[in-house]
Structures are given as C-alpha cells and as structure tokens.
Amino acid sequence: MPEIFKTAIQVRFGDTDMLGHVNNAAFVQYLEHARLEWIRAQHARGLPPIHIVLAHLRMDYRHQIVLGQTVEVELWPTRTGRSSFDFEYRVLADGQTCAEAHSVQVCIDAGTMSPKALDDSVRGVLEAQMGK
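Written as structure tokens, this is what we have:
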C-alpha cells in the first residue's frame, strides 16, 4: 500500500477563469505545489536536497472546482528508474475527485543541468513510500 502525501490548497480568485471555475492551468500549479511540499517534507525528515525537472505530465479532468472550495492534492510515488521517478496524483475538492494526474520527474545535477542517478537515500524513501 503506498504512502499518500497530502497537502491543502485554498482556491484563489486568480485561479478562476471567466466561467467561474478553476482554470486548467491552475490545476498544473496545484500539482507543482504538491511536489514542492513533498520535497520539503522529505528534507525535513533528513533527506538531502534533490533537484528535479518535470519531464512528463498527463492529467485527466473529472469535475470543476470553484472559488471558495478547499483543494486537497494527494500524491504518491509509483516507479523509480535510474535517474527518474513517477508520481500519481488526485486533486480533490470537498472530497470529490476533480482530476487525476501522472508525472515523471528527472533528478539533475544543478551545476551541469544534466540527468543524475537517483541517490540511494532518495531511492530508499521513494520505494518505502511505494510500499516496497
């Protein structure tokens, strides 16, 4: 059973479009916020800093979100590769699944901006959260 990381996000007026619901681009920002919060949480647990870039993102929108709702983003790792790892996401508002997403992150060397093998400690955290 995977360990699910959760973070709450308050919908802002600027997240909405002229139709009154959260714009699709804001959903992508919610995922980014969740990834950064996950990294901060792992760093607080003692994981060394990691640098990642987003290599792939796929999202399926299920229901609209409107101003005033509190959004919760859930994420959990599903795969580790040599230098990359995958997350699955659920975006919920008032307990209803509003979007599901998948992303691939690549670890990089911040100096050269080139892919870097996953550190053993990072791999260990990811695999533990995957339930391996």
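By the working numbering, the letter at position 13 of the sequence shown is numbered 5, and the numbering carries on one by one without gaps. Note that beta-carbon positions come from the ideal geometry of N, C-alpha and C, so glycine has one too. Owing to the predicted nature of the structure, the values given are computational and were not obtained by experimental measurement.
{"query": "CB contact flag (V63, I1, <8 Å)", "result": "yes"}
{"query": "Nearest-angstrom beta carbon gap, H13 and I127 [assumed within contact, 8 Å]", "result": "Nothing about residue 127 can be reported from this structure: the residues present for the chain run from -7 to 124 only."}
{"query": "Contact the stretch 34 to 49 vs the stretch 92 to 99: 3+ CB pairs below 8 Å", "result": "yes"}
{"query": "Unbroken alpha helix (DSSP H) run spanning L118, endpoints", "result": "112 to 122"}
{"query": "Endpoints, the beta strand (DSSP E) within which I44 is located", "result": "44 to 53"}
{"query": "CB-CB length for L118 against Y81, believed under 8 Å", "result": "Incorrect: roughly 15 Å between the Cβ atoms, too far for contact."}
{"query": "Whole-angstrom distance between A33 and A26, CA atom to CA atom", "result": "10 Å"}
{"query": "L28, buried or exposed, once every other Cβ within 10 Å from all chains shown has been counted against 16", "result": "exposed"}
{"query": "Assigned secondary structure, V58 (DSSP; H/G/I helix, E/B strand, else coil)", "result": "strand"}
{"query": "Host alpha helix (DSSP H) of A33 (start-end)", "result": "16 to 36"}
{"query": "Delimiting residues of the beta strand (DSSP E) encompassing T3", "result": "In the sequence as displayed, the identity of residue 3 is Val instead of Thr. Element bounds for V3: n/a, residue is neither H nor E."}
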